[in-house]
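See below for the structure under consideration.
Numbering (the numbering used here), first residue to last: 1 to 269.
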């Protein structure tokens with residue numbers, strides 16, 4: 001029996017287009033338009049497209065080596081796509097000078113996969129670091145202690161302010177990293193494998209924390225993950241990155257019910 005993969009995938013995309021009508025009246029905070037990126041003979045991105053809307057939780061799933069990290073680097077201006085363009089909050093990344101790009105980045109929070117805390121700094125100093133880089137966002141604030149406490153209280157770790165990273169568990173490090181992400185009150189948060197390396201209970205706590213932050217601050221979130229349970233709980237929409245393209249797009253329910261073998265592969269335990 002021959003299987004028509006394109007037919008089922010296109011059905012998912014068509015269904016999702018109807019669901020997106022409600023979003024179209026809002027703002028697209030990120031637009032990735034037909035970007036490509038090649039390293040030698042390795043075509044990592046082959047015309048990838050993505051739109052993140054204001055206040056939305058969008059999950060991007062892809063296998064290891066599928067181009068997720070390359071896409072993120074292009075998104076924040078650390079790497080330039082070979083073709084296509086990326087807009088963040090209406091500004092095309094490739095046209096920005098260094099100062100404008102740096103200011104734009106201050107509106108984007110990034111939760112790194114390994115938390116990326118500075119081992120030689122206390123929790124407080126880790127949270128103060130981005131504030132020192134972006135003094136313009138603080139206005140006339142002289143004492144940053146209330147801002148540090150607020151960010152730590154948001155993740156339930158106000159008592160850790162004077163601790164060192166090696167005194168924290170893996171889950172606590174992830175929470176502190178999230179607090180650091182929140183310190184400048186970003187409009188967009190990029191999550192890179194937020195539950196990777198965590199036990200199931202801690203992973204669930206991080207997912208719930210992500211949901212509460214999105215609800216409290218109305219942030220737009222782009223979540224890179226291979227964790228199906230995380231995607232099921234957190235996503236409003238999902239994009240599957242396969243062969244360098246947006247292979248399938250839809251809600252968790254739509255994609256998990258697909259009979260396309262490439263889509264099914266993401267949901268098999």
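All residues carry an ideal CB built from backbone N, CA and C; glycine is no exception.
Taking the straight line between their C-alpha atoms, what separation do you get for residue 126 and residue 185? Sequence index remark: in the chain shown, residue 126 carries index 126 (1-based). Sequence index remark: in the chain shown, residue 185 carries index 185 (1-based). Cα-Cα distance, rounded: 16 angstroms.
Assuming the contact rule is C-beta atoms closer than 8 angstroms, residue 223 and residue 194 should be a hit. Round their C-beta distance to whole Å, please. Reading the chain shown from its first residue, position 223 is the one you call residue 223. Reading the chain shown from its first residue, position 194 is the one you call residue 194. Indeed, because the Cβ distance is near 7 angstroms, the residues count as touching under 8 angstroms.
Return the chain-ordered list of same chain residues with a C-beta closer than 8 angstroms to the C-beta of residue 217, the five sequence neighbours on each side being excluded. Walking along the chain shown from the start, residue 217 turns up at place 217. Contacts found: 182, 185.
Compare the Cα-Cα distances from residue 134 to each of 101, 72, 146 and report the closest residue. Indexing the chain shown from 1 puts residue 134 at position 134. With respect to the C-alpha of residue 134, the residue from 101, 72, 146 having the closest C-alpha is 101.
In the DSSP assignment, find the beta strand (DSSP E) that holds residue 249 and state where it starts and stops. Here residue 249 is taken as the residue at index 249 of the chain shown, counted from 1. Where residue 249 is concerned, the enclosing beta strand (DSSP E) stretches over 245-250.
Measure from the C-beta of residue 158 to each C-beta in chain C and report whether the shortest distance is under 9 angstroms. Protein chain content of the structure displayed is limited to a single chain, and chain C is not contained in it.
Here's the rule I'm using: 16 or more other beta-carbon atoms within 10 Å means buried, otherwise exposed. How should residue 254 be labelled? Residue mapping note: residue 254 aligns to position 254 of the chain shown, counting from 1. Sixteen is the threshold: when 16 or more other Cβ atoms of the shown chains lie within 10 Å of the Cβ of residue 254, as they do, the residue is buried.
Just mark residue 67 as buried or exposed, buried being the case when its beta carbon has 16 or more other beta carbons within 10 Å. Looking up residue 67 in the chain shown gives position 67. Per the 10 Å Cβ criterion, buried.
Report buried or exposed for residue 156, applying the criterion of at least 16 other Cβ atoms within 10 angstroms of its Cβ. Taking the chain shown and counting its residues from 1, one reaches residue 156 at position 156. Classification of residue 156: exposed, given that the 10 Å Cβ count is below 16.
Could you please give the first and the last residue of the uninterrupted alpha helix (DSSP H) stretch that includes residue 177? In the chain shown, counting from the first residue as 1, residue 177 sits at position 177. Taken as a continuous stretch (DSSP letters only), the alpha helix (DSSP H) holding residue 177 covers 170-182.
Considering only the alpha carbon of each residue, which of 144, 56, 29 lies closest to residue 105? As a working note, residue 105 is residue 105 in the chain shown. Closest by alpha carbon: 29.
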